[in-house]
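Below: the structure, in structure tokens.
Chains as they are written, first to last, in my numbering: chain A, 1 to 309; chain B, 1 to 309; chain C, 1 to 309; chain D, 1 to 309; chain E, 1 to 309.
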């Protein structure tokens, strides 16, 4: 148990020992064990975008066992997915990688500018599958976000009582936010803050752009000269906005991109004090060898080592 | 117990022995016992389309006992129907054919482009009727699919806990999908994937066409050159999309058609690695002799034998 | 579905279809399927007498998988055991043989003339393990039999509601019955009747002797000239006492004995109209080859065939 | 994940993935990780014998943190204790060693030949404290063992449903067993078998002597020539009696003794195929340096290495 | 918030913040606020001994308001009593002194050597009355202590979940303990240890004598040369036995005695590291002025100041 992990667990002192134990299980698993940094594999794309768009670029990824093995072989901290995907491998890979059960999900089969998704698994499912945490996606900005917030609240309370950690994916969306605004700096910081305020132990947001979405925010950001030119500065601002870094915050890059871009992003997350990455499409849409190389290099960067890009 | 059935049961290792036993009961019943292929008789048409449209073409089918006898005499793997139909014969035919109780149903008495249906039976009903599984229909693409997904989630959790298998009919419908799109390849694969991700043990979808509904999907399908000209290729894609064939997937043909067409479809399902057929209107809207002949030939095809069309 | 099975199921018409289905599953499984006769393997000896006394005569029987395989390979109707033994194989042998979960058990580690035993499994356990029935042992004659009867009542009610059959082992014991009286004809008939009156679907008693235990009974038996010289006559009397044969009654022989004796007993059960045998020590305390031969011959006798002793 | 651990987890296939994960967490923790052998530190002596008798020989052991550190520093597989002791360190040592919460305990403040103990913690306590398992002590042979068996049954069912492993301490005691008989070979094998039959995942018994307690058992042991002269042979018999080694069985030595004796015992457990040791008084009643040396040597023996006694 | 209070709260890190807050309320109330020492007024004598024996020596004490005022005016840390007594003043003195609701009590109206008492209030009562803690008396050594331990377990779990602290009065009594043995050193240390192991946050025992009750204990106490001549040494041993002083332990003196004796006892508690006193009869059976003087002097001693006896 490193000092850094003790420090991180110290942020969650009002949680019960079960939650602390499960946070510790993630922080002390895989190749980043003990560093206080994390890389997590999330696979909820098939439900969100359909299986073809998700897995056709790397067909072995149609197989749910592929993702268990990728997370294990890459030495990641945890693997997050939906009920059916975890059910199809939880017994086969029991104890080999910490599992996070996403409790809600959303498909794109009906056009809607204000997404809601649906609860697709329960806290009891997470216990019977041996998970360390439950996950939930909120869409701050969606019209009916009250429904999401209240469902999250209820599930999070239930999860904490039985010692499970709570991971919140916080994706600003909805009729009041422009497309670019979804990753604006003010909106991203806002989304991270809301998730943490609702009691998330781990917050997951997208990497923010330098743009600002709301005029009221812009005025303050400019008056206060909040640095936001570099990605590192923006990550730092998000961390500050998430309880002055007293919560674990993971960043995702989104759609598939090239390795060099990802390394630059990871360098920025690392330099800006972000906890780590949650990297789905950019790992499972590459072939396995390329994915393992990419994840290996990300882990090197988070370990503070130089890599050959 | 054949090796193939052991392999199939191995896909469901995180389920309890009750679920495995009930899956085994279906897989080892009837003339396809042990092959890993299945043909199931579903009779929910009366509720969906009204009794006249459903049964007038073959009036003996008004009688619920008719369907029990058809499934038994044809040597099918299971018979699925709604509460009242099962209640009217479950005692009379106890133990003669595995039963699946459909827990929800939908009528067409009110025009709606985004169907929802209603829960019309319970998990306890399934136990008291001696069923091996419960069934549930979702309409991915319907505006309020959240309601369906959450009801399915709750019922599936309850069913699994008492050892019942879960069969999900996944029919894309709703305001955001064109009529042809309901059986588009991308949409069908998507629907199968969603059902499996929600924890279905058995997924039931319609046979897909070669068309693609969504532009984002089309781009990927064309880039990745996903074969989709023949029905066999399309079945193969659906199977791949359903956990790389780690779930049982049944295909239905839909409205009544001629025998030769059905045989071609079954050949394609067989060749494409589909688990089997769920065949309602095309069995009970023929007269009994014709239905038995059709089902007999389907079973021959699934057994890998030649038939005389 | 044979006429005989239909007739037997007809005795239980007020039970729900789940119970009928599970009775049918036992009656239609194995080599006696459809005959209306049954042979069941029970293995609760290890808890009752300790593992050494139970399994040392045939050491492979220490392994719980041994008994699953024996019941399957011999083509028996069902296998009954306690929680741990079923847990250790229910997933491996799912669907291969109907399972009966004994819900209570008794050890001999404290001397007591009025045994009670304890509940060691639940109806929910039976469901999650995929069982067709629950079993329960009562000791009519034991001082605190009220405790047993009331626990059985509650468990049987719960089991029937979820479609499980109820098997009652009825063993007269206690301070008011002499050692020989435990298998006296009047006592055995009484025990079978009590079990059936409490709602058992299947009653299990020991083979009765010609002796009578109670004076009040003796008076009537002699006045009414109830035939009891041959075992066949005594079996017939027990069947008559169990709702005039409207319940399934299985007989056990008890401690290990030679094959010829068992064949004579089985002939008598068969001739007297008994449903069949539940044969534990006499099957698993022989080596596997001898056990299979014995069971094979028993099945031949129940099938009405001649055997070479 | 070694082949041996996969094999062991395979014994528990009918349990849910949560149970498998928690068994895996113990089997893969500490210096014996992956070997399939286990050494566990149990500290329930203070409640059983009073704090003076338990801790005065090594006063630092009065401090609950002492035991957490000992289990961690010695690299043991798990640490088991009562509610208060776990509460006093579970947050401080979260995630550093798998924890087992003993759910019942017994004190010696009232003389009784048939002990019962009392439930002193709950399954929900185990979840909030981040435990991998619950523990429960039964006294086969105690007059009111029915009360213990039924409480265990209920707690075990609840624990398994939420993914916790179940460890049963099986200590024969009570008016019908002589003092020497409590560790007789027949009685120890019987006790281990009962615990496993009740659904324990891990069974804990005392090392058996060569004596036999019950006449009925003696007859069989002598007839069948069950080897029992050496401790290795006796361990082998206990393993065989526990589902032919399909369950994890841990042995304890009891009162404090010298190192050489313990090494001989551990050699015998190792050679006889026992899973490992649960060693309380002999670890915490030595000073820390001596305890670490002892545990280190035990681990060497279980690893198949030579040690210098 | 002093360092000492932080240190004490640190012992309870696995409890929720509600429990920590309520412990803090007691520790930071009254004239000993912040010192880590406590003096508490308990008034359960009327139920235990009848009102005459309890209050006739100081008739104003018949009035429940008398005790609220005494605890407030003396600047004590908390006031503990039974339901009716708290109900009669909780509104009048709301917020003026931390309240502890005793949840069980015992009368002497039926002779019994193994007392049990009865639950006379609930955790919900404690919430509606604004209490900081619940109290419960166990009689380690009483024949049916199982009943007490299990009731305490259930109430303590409920109390902790809603953030209430748990205070356990641990009074050894029963057929297996001699009258003098009830305050023997070994028995007192044992009683304190049991209460702490059951999860008490605050343990209350009687001041121990130098005598030892049990032979098995005597042997260890003498071998290990546990100092027990002075009261200070004995207090130190009790503290050590209560998780090496990681729990709050309060001592009571029992029947009414003179001031000088009490001061000596308090000096010993202070010197031996005991947390403080719980002083009932010796405060409310004196007249108010004398009681206030006594309590004032006790507080001085606990503050480390000299007093004029």
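Cβ atoms here follow ideal geometry from the backbone N, Cα and C, with glycine treated the same way.
Asked: Count the other CB atoms, across all protein chains shown, that sit within 10 Å of the CB of residue 102(C); report buried if there are 16 or more and exposed otherwise.; Found: buried
Asked: Would you please state the rounded distance, in angstroms, between the beta carbons of residue 166(B) and residue 156(B)? I believe it to be under 8 Å.; Found: 5 Å
Asked: Would you say residue 91(D) lies against chain A (beta-carbon separation less than 8 Å)?; Found: yes
Asked: Along chain B, which residues have their Cβ under 8 Å away from the Cβ of residue 128(C)?; Found: 16, 17, 18, 161, 162 and 163
Asked: Residue 22(C) by DSSP, collapsed to three states: which one?; Found: helix
Asked: Going along chain C in order, which residues have a C-beta closer than 7 Å to the C-beta of residue 9(B)?; Found: 94
Asked: Looking only at its own chain, which residues have a Cβ that is under 6 Å from the Cβ of residue 4(A), when we skip the five neighbours before and after it?; Found: 36
Asked: Listing by chain order, which chain A residues have their CB less than 7 Å from the CB of residue 119(B)?; Found: Per Cβ cutoff of 7 Å: no residues; residue 119(B) is ~16 Å from chain A at best.
Asked: Does the distance from the CB of residue 138(C) to the CB of residue 170(C) come in under 8 Å?; Found: yes
Asked: Kindly list, in the order they appear in chain A, the residues whose Cβ is closer than 7 Å to that of residue 176(B).; Found: 109, 110 and 111
Asked: For the structure I just gave you, are there three or more beta carbon pairs, one from the region 51 to 58 of chain A and one from the region 271 to 285 of chain A, closer than 8 Å?; Found: yes
Asked: If you follow the alpha helix (DSSP H) that residue 132(C) is in, where does it begin and where does it stop?; Found: It is not in any alpha helix (DSSP H) - residue 132(C) carries neither H nor E in the DSSP assignment.
Asked: Select from the region 223 to 251 of chain A all residues with a C-beta closer than 9 Å to any C-beta belonging to chain E, and list them in chain order.; Found: none
Asked: Pull up the distance between the alpha-carbon of residue 211(A) and that of residue 267(A), whole angstroms please.; Found: 20 Å
Asked: What would DSSP say about residue 58(D), mapped onto helix, strand or coil?; Found: coil
Asked: Determine whether the Cβ of residue 275(C) lies closer than 8 Å to any Cβ atom of chain B.; Found: no
Asked: For residue 142(B), go through chain A and note every residue whose CB falls closer than 9 Å to its CB, in chain order.; Found: 109 and 110
Asked: Determine the direct distance from the alpha carbon of residue 225(C) to that of residue 234(C), and round the result to whole angstroms.; Found: 12 Å
Asked: Within its chain, find whatever has a CB closer than 7 Å to the CB of residue 192(B); leave out the 5 residues flanking it on each side and keep chain order.; Found: 170, 203, 205, 238, 241, 242 and 249
Asked: What residues from chain C crowd round residue 24(B), counting only those whose CB sits closer than 8 Å?; Found: 94, 95 and 96
Asked: Taking Cβ-Cβ distances shorter than 8 Å, what residues in chain C pair up with residue 193(D)?; Found: 46, 47, 50 and 51
Asked: Check whether the Cβ of residue 180(C) sits closer than 7 Å to any heavy atom of the ligand ZN, and report yes or no.; Found: You won't find the ligand ZN in this model; it holds no ligand whatsoever.
Asked: Considering only their Cβ atoms, is the gap separating residue 42(B) from residue 278(B) smaller than 8 Å?; Found: yes
Asked: Give the range of the alpha helix (DSSP H) segment to which residue 239(C) is assigned.; Found: 231 to 241
Asked: Answer with buried or exposed for residue 303(D), where buried requires no fewer than 16 other C-beta atoms within 10 angstroms of its C-beta.; Found: exposed
Asked: What in chain A is Cβ-close to residue 13(E), meaning under 9 Å?; Found: 13 and 17
Asked: Name the DSSP beta bridge partners of residue 298(B), please?; Found: Note: residue 298(B) sits in no beta bridge, so no partner.
Asked: Which stretch, first to last residue, makes up the beta strand (DSSP E) that contains residue 42(E)?; Found: 38 to 43
Asked: Per DSSP, residue 137(E) is paired with what?; Found: 169(E)
Asked: Quick one: what's got a C-beta closer than 7 Å to residue 113(C)'s C-beta in the same chain, skipping five residues either side?; Found: 174 and 175
Asked: Among 260(A), 30(A), 64(A) and 38(A), whose alpha-carbon lies nearest the alpha-carbon of residue 199(B)?; Found: 64(A)
Asked: Any chance you could list the alpha helix (DSSP H) runs of at least 4 consecutive residues sitting entirely within the region 173 to 255 of chain B, in chain order?; Found: 185 to 197, 215 to 223 and 231 to 241
Asked: Just grab the DSSP bridge partners of residue 102(C) for me.; Found: 135(C)
Asked: Check whether the Cβ atoms of residue 159(B) and residue 134(B) sit closer than 8 Å, and answer yes or no.; Found: yes
Asked: Return the chain-ordered list of same chain residues with a C-beta closer than 8 Å to the C-beta of residue 18(E), the five sequence neighbours on each side being excluded.; Found: 162, 163 and 164
Asked: Between the C-alpha atoms of residue 30(C) and residue 132(A), what's the straight-line distance to the nearest angstrom?; Found: 44 Å
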